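Report on the structure given below.
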Amino acid sequence: MTVTFRTLAGASLLVALMGSASAQTSITVATVNNGDMIRMQRLMPEFNALHPDIKVNWVTLEENVLRQRVTTDIASKGGQYDVLTIGNYEVPIWAKQGWLMPLENLGADYDQADLLPQVAQGLTVDGKLHAVPFYAESSMLMYRTDLLEKAGLKMPENPDWDFITDAAQKMTDKGAGIYGICLRGKAGWGENMAFLTSMNNSMGGAWFDMEWKPQFNGPEWKQTLDTYLKLMTEYGPPGSSSNGFNENLALFQTGKCGMWIDATVAASFISDPKESQVADKVGFAPSPVRKGGSNHGNWLWSWNLAIPATTSKAEAAKTFVAWATSPAYTKLVAEKDGIANVPPGTRTSLYKNPDYLKVAPFAAMTLTAIESANTQKPSDKPVPYTGGQFVAIPEFQAIGTAVGQQFSAALAGKATADQALAAAQALTTREMTRAGYPKK
Amino acid sequence: MAREASKGHKAAVTVLAWGVALLIFFPILWTFLISFKTEGEAINSHPSFLFFEWTLENYETVNQRSDYLAHFWNSVVISLGSTVLGLIIAVPAAWSMAFVPGKRTKDLLMWMLSTKMLPAVGVLVPIYLLARDAGLLDTKTGLVIVLTMVNLPIIVWMLYTYFKEIPGEILEAARMDGATLSSEILYVLTPMAVPGIASTLLLNVILAWNESFWTLNLTAASAAPLTAFIASYSSPEGLFYAKLSAASTMAIAPIMILGWFSQKQLVRGLTFGAVK
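Shown next, in the form of structure tokens:
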């Protein structure tokens, strides 16, 4: 450890000396703590070798803290950050506010056409990219092949919710600590509501009609919530109303779940024998549909790099952003850490690379999931919004979380499904009226 | 007979005190233990208390990934700076309130305390804008000023309560002997109040060290203290408990050691005025 300290001290001294010797531009990058971002921080010497005149400072924060921090700064034009890591929920909203710089001319070897169209579409406002994707994910069904076989079932190509209910029942063996299905229960717009909004889309429902009237009093939400509560209370793990992505990941990896519907990025974690006890017994299938339906409702989420309009170092920031999301970066990670560790979900070329397909058995299903996500038309019904697992309006964070609390309470047994739906309808109507919808 | 009863009573109180202390200390102990586990072991649903494979890999990762010393130094400067600045303002203020109270002193004290009742986020945007225009965003100076203001009511209240216990006649005697106001405060009041000032200082260093709202919101890369260091290890996707625990342990260790050595002053500081 002392060696590490000494190296660190030495390195920082060197950097300080270098800083005073040449005219360096330093840029500050705000980011979340996920494996891909941490890897990029480790690869900074490679960036500096190419661009010795740019020094990159990292601010890594927990997702919700980052969101609050960055929103405060950008709304008050604080100018603390030169590069932001933001989700595809924020990009269109912030771009319309004029908070983000449009990104054009990212270099000859950037190959913008190679970006997955579904992902790029979510980041395009007025025909221009306002952020570039660093990593993207959709949702899918992950299941235990051994338990399904033991239950005497075969996974259909497009499973529907009836099959899921049946399979969950047959796979559950509470005596052995095995639960048929694990789903998100923790309240939050990016937690249980990401799943439930997607599920409701697959049931044919929507958040709002064309007049922005909430739809919680309709039959689709009722069916969504009833199915969800039945699955979770009868075949789910105990205490599921506080489970989020990480909790379910831990349960699945230790062999406690038969099925799990969540982010595609989980596939690489549960197939990693170093982390997962069930790595050799996992299968993947598309998110369930309703009987006879074709909308999987699966979500599309991407973490993107964007440049705030307030920056005074736009050129350096653009150089960095282009490097971090370029095909060259993909190549660099493949060389240094192996191709399985390349940030997924952003480029078509990755899913055509035979080396990647060999090491990532879930790649094909991930690509199918991303390609079938329709952010422009998330619901079968005509709706006035875009999105998917969220509704792309600024008010959604607050409303989504409040509704999520009602549904989480229903899961914990503190309210019935009907009470939760009525409360959701009332609070959403109130908040939308207050926010002035329908807007012209 | 009476003695036996009191013995039993004493034992019961001791057991209860230990129980409560352990209950309060347990989360810290648990964090400490998790920091030596692997990520897989950290989320095990049947966790083992002591019998797991102890590892230092989390500390190694944390040291490689972030600059602990830079964050540590920022924490030291911010917490000490804001406390010392706070004391410089609060000692004269508390003196005048304790020894020459006016008609509105009580109201003034209550008003000062009431500023602590407002949720900090309520003034986030105004303070952020002020800091931006003064060029104090992401600077240690900015944080020292903000934390001084945040903790000033507590410092004034603590010193006020403490000064109230000192008989005014002693100060009067000093004045009779021709002491000026500043020498009265510096040579007569301060030496008598040293234990009180010390406990105020310690408590406020701890409060400033642990303050996470302003330190997270007003910093970015260069002035970020240990609270930001901890925050960087929480993750929405993937396993992080062990690394987060290692970062937390490293962040709270200095202040825990300081607290350990100064227990007596702290207890005095926290309980004075409670029993008269």
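Heads up: the protein sequence lines correspond to chains S and C, in order.
The UniProt record's numbering applies: residue 1 is where the first sequence begins, and numbers increase by one.
The UniProt record's numbering applies: residue 1 is where the second sequence begins, and numbers increase by one.
For each residue, glycine too, the CB sits at the ideal point set by N, CA and C.
A quick note: this is a predicted structure, and the numbers were derived from the prediction, not measured.
Determine the closest residue to residue i out of the options, with distance taken between C-alpha atoms.
i	options	result
Met149 of chain C	C:Val77, C:Pro225, C:Gln263 and C:Leu85	C:Leu85
Ser79 of chain C	C:Arg268, C:Phe240, C:Leu239 and C:Leu203	C:Leu203
Ala420 of chain S	S:Ala151, S:Trp221, S:Arg347 and S:Ile178	S:Trp221
Ser48 of chain C	C:Thr38, C:Leu56 and C:Glu57	C:Thr38
Val156 of chain C	C:Ala90, C:Glu60 and C:Ala246	C:Ala90
Pro219 of chain S	S:Gly188, S:Met171, S:Ala206 and S:Met210	S:Ala206
Met140 of chain S	S:Asp173, S:Gly283 and S:Pro384	S:Gly283
Ala167 of chain S	S:Met142, S:Lys96 and S:Arg184	S:Met142
Pro92 of chain S	S:Ile393, S:Ile399 and S:Ala412	S:Ile393
Ser198 of chain S	S:Pro384, S:Lys318 and S:Pro286	S:Pro286
Asn200 of chain S	S:Glu395, S:Gly297 and S:Asn304	S:Gly297
Ser68 of chain C	C:Pro153, C:Phe261, C:Met250 and C:Glu165	Position check: residue 68 of chain C holds Tyr in this sequence, whereas Ser was assumed. Among C:Pro153, C:Phe261, C:Met250 and C:Glu165, the Cα nearest to that of Tyr68 of chain C belongs to C:Met250.
Tyr177 of chain S	C:Ala21, C:Leu16, C:His46 and C:Leu22	According to the sequence shown, residue 177 of chain S is Gly rather than Tyr. With distances taken between Cα atoms, Gly177 of chain S lies closest to C:His46.
Gly196 of chain C	C:Ser248, C:Ile154, C:Val146 and C:Thr14	C:Ile154
Pro225 of chain C	C:Glu172, C:Ser75 and C:Leu129	C:Ser75
Ser327 of chain S	S:Tyr351, S:Gly258 and S:Ile370	According to the sequence provided, residue 327 of chain S is Pro. The question's Ser does not apply to it. Looking at the Cα atoms, S:Tyr351 is the closest of the given residues.
Leu100 of chain S	S:Leu106, S:Gly413 and S:Leu123	S:Leu123
Ala253 of chain C	C:Asn210, C:Gly122, C:Val146 and C:Leu186	C:Asn210
Pro438 of chain S	S:Val383, S:Lys414, S:Ala410 and S:Thr416	S:Val383
Glu137 of chain S	S:Asp380, S:Asp262 and S:Thr330	S:Asp262
Ile88 of chain C	C:Leu258, C:Phe51, C:Leu159 and C:Met176	C:Leu159
Trp212 of chain S	S:Lys381, S:Thr325 and S:Ser312	S:Lys381
Gly107 of chain S	S:Ala322, S:Arg430, S:Ala415 and S:Ala369	S:Ala322
Per DSSP, residue i forms a beta bridge with which residues?
i	result
Pro133 of chain S	S:Asn304
Tyr143 of chain S	S:Met259 and S:Gly283
Arg347 of chain S	S:Leu115
Pro214 of chain S	S:Phe208
Tyr179 of chain S	S:Cys257
Asn57 of chain S	S:Thr28
Ser138 of chain S	S:Leu300
Ile86 of chain S	S:Asn304
Asp173 of chain S	S:Ile178
Glu100 of chain S	Strictly speaking, residue 100 of chain S in this sequence is Leu, with Glu absent from that position. Paired residue(s): S:Pro308.
Val289 of chain S	S:Asp160
Gly79 of chain S	Answer is none; Gly79 of chain S lacks a bridge partner.
Gly387 of chain S	S:Val391
Residues in the same chain with beta-carbon distance under 8 Å from residue i, minus the five sequence neighbours each way, listed in chain order, please.
i	result
Ala231 of chain C	Ser212 and Leu216
Lys7 of chain C	none
Ala11 of chain C	none
Arg434 of chain S	none
Gly19 of chain C	none
Ala340 of chain S	Ser268, Tyr356, Val359 and Ala360
Gln253 of chain S	Phe269, Ile270, Glu275, Ser276, Gln277 and Val278
So residue i packs on residue j, CB below 8 Å; how close in whole Å?
i	j	result
Gly345 of chain S	Tyr81 of chain S	Gly345 of chain S to Tyr81 of chain S, Cβ: 24 Å. No contact.
Ser199 of chain C	Ser35 of chain C	Actually they are not in contact, since the Cβ atoms of Ser199 of chain C and Ser35 of chain C sit about 30 Å apart, beyond 8 Å.
Thr386 of chain S	Gln376 of chain S	6 Å
Trp95 of chain C	Phe163 of chain C	6 Å
Trp214 of chain C	Ala120 of chain C	7 Å
Met171 of chain S	Gly258 of chain S	3 Å
Ala220 of chain C	Ser82 of chain C	Not confirmed; about 19 Å, so no contact.
Ala131 of chain C	Leu218 of chain C	6 Å
Ala417 of chain S	Asp226 of chain S	6 Å
Asn33 of chain S	Phe240 of chain C	7 Å
Tyr233 of chain C	Ala247 of chain C	4 Å
Thr310 of chain S	Lys77 of chain S	5 Å
Going along the chain, which residues of its own chain have a beta-carbon closer than 7 Å to the beta-carbon of residue i, five neighbours each way excluded?
i	result
Gly293 of chain S	Ser202 and Gly204
Asp235 of chain S	According to the sequence provided, residue 235 of chain S is Tyr. The question's Asp does not apply to it. Taken in chain order, the residues that qualify are Ala168, Gln169, Thr172, Tyr179, Gly180 and Ile181.
Ala21 of chain S	Unreliable positioning characterises Ala21 of chain S in this predicted model, as indicated by a pLDDT of 45, which lies under 50. The coordinate reading is nonetheless provided below. Excluding residues within five positions, none has a Cβ falling inside 7 Å.
Gln41 of chain S	Trp58
Ala412 of chain S	Ser241
Quick one: what's got a C-beta closer than 6 Å to residue i's C-beta in the same chain, skipping five residues either side?
i	result
residue 446 of chain S	Here chain S has residues from 1 to 440 only, and residue 446 of chain S is not among them.
Ser262 of chain C	Leu202
Pro288 of chain S	Pro159, Asp160, Trp161 and Ile164
Phe362 of chain S	Ala267 and Phe284
Gln406 of chain S	Ala420, Ala423 and Ala424
Is the stretch 126 to 136 of chain S in contact with the stretch 100 to 114 of chain S, if contact means three or more CB pairs nearer than 8 Å?
yes
Counting Cβ pairs, one atom from each stretch, are 3 or more of them under 8 Å apart for the stretch 179 to 188 of chain S and the stretch 230 to 243 of chain S?
yes
For the pair the stretch 135 to 144 of chain C and the stretch 168 to 180 of chain C, tell me if three or more CB-CB distances fall below 8 Å.
no
Under 8 Å, with one C-beta from each stretch per pair, do the stretch 264 to 273 of chain S and the stretch 49 to 64 of chain S reach the 3-pair mark?
no
So, do the stretch 299 to 317 of chain S and the stretch 24 to 34 of chain S have three or more beta carbon pairs nearer to each other than 8 Å?
yes
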